[in-house]
Amino acid sequence: MKGVEAMKVNAVNNVLGAAIKQQADRKAYDRYCKKLLSNKQILAYFFKEYVEEFSDIPLKDIAKYLGNPNQEYVENLNLEDESILGSVIRFDTLFEVRMPKSKRLELFNIEAQMSDYPRIFDIEKSALLL
């Protein structure tokens, strides 16, 4: 009977270990995606393709409009918003963009999703969901 109990404990440990590893893998994947999607050279492709005001701007010039012009990556702003009582909104990559034509400063939020079917939401709301 001790052998059967040991096997059960071992099976539970294996399942828990796999679940913990999977969670750690997902967190690492999430971190890598956020880092990748905060790179201005990568973001430039998205802005060129999906944000009308950037469509005529040369790809090599778009990065200077994203966040601090002197940095390679956009700086994440407030990643949590608790302004609605009883709720928390979490942003993956929230950053400022100086719009090239209107010169307005707008906030953009890039969200990485683990999906084979990326979605893009209304750009008027200044968000891309990838």
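Counting the sequence shown from 1 gives a position; the working numbering is that position plus 12.
Beta carbons are placed, not taken as given, at the ideal position from N, Cα and C, and that holds for glycine.
Integer Cβ distance of residue i from residue j, believed to fall under 8 Å
i: residue 89; j: residue 106; result: 5 Å
Residue range of the alpha helix (DSSP H) that includes residue i
i: residue 55; result: 52-62
i: residue 74; result: 71-74
Close-in-space but distant-in-sequence residues of the same chain around residue i (CB under 8 Å, 5 per side omitted)
i: residue 134; result: Unreliable positioning characterises residue 134 in this predicted model, as indicated by a pLDDT of 41, which lies under 50. A coordinate reading is not provided.
i: residue 71; result: 56, 57 and 60
i: residue 54; result: 48
i: residue 83; result: 52
Test: residue i CB closer than 7 Å to a CB of chain B
i: residue 114; result: Among the protein chains of the structure shown there is no chain B, as only one such chain exists.
7 Å CB neighbourhood of residue i in its chain, flanking five on each side removed
i: residue 67; result: 60
i: residue 94; result: 100
i: residue 80; result: 87
CB contact flag (residue i, residue j, <7 Å)
i: residue 100; j: residue 92; result: yes
i: residue 65; j: residue 112; result: yes
i: residue 117; j: residue 110; result: yes
i: residue 75; j: residue 46; result: no
i: residue 50; j: residue 86; result: yes
Beta strand (DSSP E) segment containing residue i, residue limits
i: residue 5; result: One cannot answer for residue 5 here, as it falls past the ends of the chain, which runs 13 to 142.
i: residue 110; result: 105-110
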